[in-house]
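Here the sequence shown stands for residues -21 to -1, 1 to 593, numbered as in mature numbering (1 follows the signal peptide of the UniProt record, and there is no 0). One structure below.
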Amino acid sequence: MKFLLLHLLVIINIFYHVVLCTSSAHHESQPIKTNQRVKRAWVWNQITTLEEQTNIPYLIGTLHSTKLRRDSKYILQGEYANTLFKVKENTGDIYGYEKLDREEKAQYNLTALLVDMITLKTLEPPEMFSIRLIDINDNAPSFTQDSYNASVSEMSATDVLVTKVTAVDPDDPTVAGHAKVTYKILQGYEHFKINENTGEIFTLSSYLDRETQASYEVIVQAKDSPGLSGGFSSSATVTIHLNDINDNFPTFTEKEYTFNVYEDLRVGDVVGKILVKDIDEPQNRNAKYTFSKAKFQQWFEIKSNAQTNEGIIILKKPLNYESSDNVFRMSIEVTDPSIDLRVVKQQRPSSTTEVIVNVLDVDEPPEFSAPYYMFKVKEDVIKKTIGFVSATDPDSPKRPVRYSAKPIKDDLFIVTINGSIFIKSLDRETNAWHNLTVTAEEIGSPTKKATSVNVYISVLDVNDNPPEFAEPYAPRVCENTANDIAILDISATDKDEMVPGMKFTYYSVEKENNFTVLDNHDNTATIKVKNGAFNRDVAKFFYLPIVISDNGVPSLSSTNTLTITVCKCNEEGEFTYCEEAQGFTAVSSSTIIIILCSLALILLCGKCYFKIWC
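Written out as C-alpha cells, the structure is:
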C-alpha cells in the first residue's frame, strides 16, 4: 500500500510539471503565474521530488526557455550534474538516477544552460536552480542512549521524577507527524509512568520496596506520527534501581543466647555478642538494645557495633561465683529508633531474646580480712605476740590457709603458720617503723594460690634514754674573771621521743666548786663563776659535774662533766693563751652504779685471792 502511494505521488508530480511546461510553451504571450519563476527567457516551476524513489530513472521536473530552438539543447552543470541528475537535451526533462535520502542531503544546487548544438555557444546566460527533496516518513525515532540507568529511593511517593529519556527522529519536522516523537511504557507501567511528550519517567506506585525487588527493567517505546496509523517506533531499556532507606526493624536471629564466663572476667570485658538480622543496607542499620528490667544495668551494658549492628554485652560490675548472683537471666529488646514510621506500614515493633549468663568458678587466692594491717607496740615489749592477720579461701569448698613472711632483717619478727606476729626485741631509737609482707597460701590447692598483704608495725617510745649535753661544750675563763660572771649557757637533748611538755633539770653534784649551775627552767642552764681570781699555775682546768634529769616515767638522769679551761687574757679580756682540755664525758646514773659495783667486785675477788695465796 505504501509503495502504491509513493508511485502515485511521483506520477502526479511528473504530470503536473509536464502540463505546466507545455502550457508555458504554447502561451508565451500570457502572464506568468505566481507559482512560476521568470528570469530572462528561462521558465520553470520550483523543482521538488520525493526522496527514496527506486524506479530509476525517474522524472524530477522540466527546464524550459523561451529561446529554445531546433538547433539548441539543454545542459546541466554542477557537482551532481550528469551523475545523480541528467537532463534530456531537447526537452529539458530532468531525471534522477540514484535513490536519494533527504536525511543525508535535503537540497541540491545545479546550473541550467541553453547552448547551440553545434557551436555550444550559450544562447542564454546560465541560471542557478535547486532540487528539493520531499520528506517521507522513513526513519524511526532513535534514543540518545542504548540503555539508561536511574535510581529512586524506595518507598517514594507517587509522581516523583525518576529520570528522563530522549529520542530523536531525523525526518523533516516541518512535515506533520514525521519527526514528532511520543513515548510510552511497554513494560513496567504497573510501577512507573511516563510523560508522552517529554519522556520524563515518574513513580506510579508509592510503596516500592527494595527488599522485595531491588531494581526494575522498564521498556520505553518512542514512536513518530502520533495519532496516525503506521509510523515507526523504537524502544530502550531503563534500569531503575531502588535506593535503600532505613525502613526495616532488626530482629534477633536466635530466641535464646547462653554465655559462660569465669568470675575473674574483668570489668569492661566482653561477655558475649547477640546477633540481629536487618535487611536494610549496612549504612541504614541502627540497632539499639535495652534490658527489659533495669536491675541488670548495674551488672551489664549493651553497645551496638556500628559495622555489624550486633549487640555487645559488656561487664560493668565484678562477678562472684560464690555469691547468689552467679546466674543471670535477662530479656533484651532491640529496635531501631531512627526509622521514619511515615514510610513503613507496620507499627514500630521490637524483637526480644533471652540471654543467660552463667558465672563459672575460678580457683581464687585467699582474701585477707583487711587491705593492710597496722600494729603498735612499745619498744620495751620483748618476745610477745603483737597481733594476728587473717585470710580465708573465697572458693567453695573452703581450704585452710597457712601464713609466712619474707625474710625479715635481723629476725626481729616471726610470723607463725596460723597468722600470729611474734616479736623478739625492738628499739624505737634504731627504727621507729617496720614493714612486713605476709603471704597467705591455700593448703592442698594444686594451683598453690597465694596472696600477700602489708603489715605496718609502729614502735612506741618508752623513756629508756637519759638526757645529755646537746653539744660538746668547751668553755674558757680568764684568770682574772670576777665572781657571778656567766661564762656559758648549756642545753640538753634526749634520744627518746621529744614530746611536748618534756622538761630537763640541771644541778651540780659538787657543792665545793668554783662555778655555779643555774637552772633557767626552760630546758637550759647557765654556768656562772662562783670563786674567781684563777691562777693557771695552780690549776689550768676545772671539772664541773652536772646532773641532767628528764621528767619521763620513770625519770632518767645522767652526769655530764663540763671541762673549763683557764686562759691568759689581755687587758681587754681577750684570750691570749689557752691549753686544750681532754674533752668531757657524760655518764648516766646507771652507768656509774655499774662501774662502782664492778670495782667492788674486783676488790672483793682480789682480797679473797690474796688470802688463799698467802
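By construction, the Cβ of each residue, glycine as well, lies at the ideal position given by its N, Cα and C atoms.
query = Okay, do the stretch 459 to 466 and the stretch 440 to 451 touch, 3+ Cβ pairs below 8 Å being the bar?
reply = Flag = no, the stretch 459 to 466 and the stretch 440 to 451 do not touch.
request  = Closer than 6 Å by C-beta to T177: which residues in its own chain qualify, once you throw out the five before and the five after it? Chain order, please.
outcome  = Locating residue 177 in the sequence shown gives position 198, counting from the first residue. Answer for T177: no residue qualifies.
ask   = Quick one: Cα of S568 to Cα of S536, how far?
value = To locate residue 568, count along the sequence shown from 1; it is residue 589. To locate residue 536, count along the sequence shown from 1; it is residue 557. Legend: pLDDT at S568 = 46, less than 50; position of this residue unreliable, value from coordinates given subsequently. Taking the straight line from one Cα to the other gives about 6 Å.
inquiry  = For a test of the three-state rule: what should DSSP assign to A411, helix, strand or coil?
reply    = By 1-based counting over the sequence shown, the position of residue 411 is 432. The answer is coil: DSSP assigns A411 none of H, G, I, E or B.
request  = Report buried or exposed for S2, applying the criterion of at least 16 other Cβ atoms within 10 angstroms of its Cβ.
outcome  = Taking the first residue of the sequence shown as position 1, residue 2 is located at position 23. Legend: pLDDT at S2 = 32, less than 50; position of this residue unreliable, value from coordinates given subsequently. The residue in question, S2, is exposed, as its Cβ has fewer than 16 Cβ neighbours within 10 Å.
query = Name the DSSP beta bridge partners of I543, please?
reply = As a working mapping, residue 543 is identified with position 564 in the sequence shown. For I543, which the question treats as bridged, DSSP gives the partners F521.
key: Span of the beta strand (DSSP E), counted from its first residue to its last, around Q277   = Here the question's residue 277 lines up with position 298 in the sequence shown. Going by DSSP, Q277 is part of no beta strand (DSSP E) at all; its letter is neither H nor E.
inquiry  = So the candidates are S213, D138 and I39; which of them puts its Cα closest to the Cα of D117?
reply    = Taking the first residue of the sequence shown as 1, we reach residue 117 at position 138. Sorting S213, D138 and I39 by C-alpha distance to the C-alpha of D117 places S213 at the top.
request  = Using 10 angstroms around the beta-carbon of R48, count the other beta-carbons present and answer buried if the total reaches 16, otherwise exposed.
outcome  = Your numbering for residue 48 matches position 69 in the sequence shown. Counting other Cβ atoms within 10 Å of its Cβ, R48 stays below 16 and is therefore classed as exposed.
key: Between the CA atoms of I402 and D395 - distance to the nearest angstrom   = For the purposes of this step, residue 395 is taken as residue 416 along the sequence shown, with counting starting at 1. For the purposes of this step, residue 402 is taken as residue 423 along the sequence shown, with counting starting at 1. In the sequence as presented, Asp is not what sits at residue 395; that position holds Thr. Rounded to whole angstroms, T395 and I402 show a C-alpha spacing of 11 Å.
query = Hey, V434 and V368: beta-carbon distance below 8 Å or not?
reply = Taking the sequence shown and counting its residues from 1, one reaches residue 434 at position 455. Taking the sequence shown and counting its residues from 1, one reaches residue 368 at position 389. Their beta carbons are under 8 Å apart, which means V434 touches V368 by this criterion.
key: Buried or exposed (CB count within 10 angstroms, at least 16 for buried), R111   = One-based indexing of the sequence shown puts residue 111 at position 132. Counting Cβ neighbours within 10 Å, R111 comes out exposed, since fewer than 16 surround it.
inquiry  = Per DSSP, what are the beta-bridge partners of T364 in this structure?
reply    = Numbered from its first residue, the sequence shown carries residue 364 at position 385. T364 is bridged by DSSP to F401.
ask   = Going along the chain, which residues of its own chain have a beta-carbon closer than 6 Å to the beta-carbon of K482, five neighbours each way excluded?
value = To locate residue 482, count along the sequence shown from 1; it is residue 503. Excluding five sequence positions before and after K482, the CB atoms of its chain that fall closer than 6 Å to its own CB belong to N530, given in chain order.
inquiry  = Alpha carbons only, please: which of E421, I35 and C457 is nearest the one belonging to E551?
reply    = In the sequence shown, the residue the question calls residue 551 occupies position 572. Ranking the options by Cα distance to E551, first place goes to C457.
query = Quick one, which of V417, V322 and K362 has its alpha-carbon nearest L391's?
reply = On the sequence shown, position 412 is the one that residue 391 refers to. Residue nearest to L391 within the set V417, V322 and K362 is K362 (criterion: CA-CA distance).
message = Mapping the DSSP letters down to three states, classify P261 as helix, strand or coil.
response = The count along the sequence shown starts at 1 and reaches residue 261 at position 282. Three-state result, P261: helix.
message = Let me check understanding here. Comparing Cα to Cα, which of A215, I291 and P328 lies closest to F228?
response = Sequence index remark: in the sequence shown, residue 228 carries index 249 (1-based). Of the residues A215, I291 and P328, the one whose Cα lies closest to the Cα of F228 is P328.
query = Where Q124 and V147 are concerned, what is the direct C-alpha to C-alpha distance, given to the nearest angstrom?
reply = Position 145 of the sequence shown, counting from 1, holds the residue named residue 124. Position 168 of the sequence shown, counting from 1, holds the residue named residue 147. Their Cα atoms are separated by approximately 11 Å.
message = Do V141 and A201 count as a contact pair if the criterion is CB distance below 8 Å?
response = Position 222 of the sequence shown holds residue 201. Position 162 of the sequence shown holds residue 141. By the CB criterion at 8 Å, A201 and V141 fall outside the cutoff.
task = Let me know the secondary structure DSSP gives V322 once reduced to three states.
result = The residue given as residue 322 occupies position 343 in the sequence shown. Reduced to three states, the DSSP call for V322 is helix.
request  = Would you check if the distance between the CB atom of V255 and the CB atom of N288 is smaller than 8 Å?
outcome  = Stepping through the sequence shown from its first residue, residue 255 is reached at position 276. Stepping through the sequence shown from its first residue, residue 288 is reached at position 309. N288 sits close to V255, with the two beta carbons spaced by under 8 Å.
task = Count the other CB atoms, across all protein chains shown, that sit within 10 Å of the CB of K234; report buried if there are 16 or more and exposed otherwise.
result = The count along the sequence shown starts at 1 and reaches residue 234 at position 255. The residue is exposed, with fewer than 16 neighbouring Cβ atoms inside 10 Å.
task = Starting from the Cα of S51, find the closest Cα among A60, I39 and E68 and give me that residue.
result = The count along the sequence shown starts at 1 and reaches residue 51 at position 72. Closest by alpha carbon: E68.
request  = Could you pull the start and end residues of the beta strand (DSSP E) that V141 belongs to?
outcome  = Start at 1 with the first residue of the sequence shown, and residue 141 comes out as number 162. For V141, the enclosing beta strand (DSSP E) starts and ends at L140 to K143.
query = Over what stretch of residues does the beta strand (DSSP E) that includes N128 continue unbroken?
reply = Within the sequence shown, the letter at position 149 stands for residue 128. Segment S126 to S132, the beta strand (DSSP E) holding N128.
task = Rounded to whole angstroms, what's the CA-CA distance from F181 to A266? Just pull it up for me.
result = The sequence position of residue 181 within the sequence shown is 202, counting from 1. The sequence position of residue 266 within the sequence shown is 287, counting from 1. Their Cα atoms are separated by approximately 33 Å.
message = Taking the beta strand (DSSP E) that S431 belongs to, which residues open and close that run?
response = Against the sequence shown, residue 431 aligns to sequence position 452. Run containing S431: A429 to L439, per the beta strand (DSSP E) assignment.
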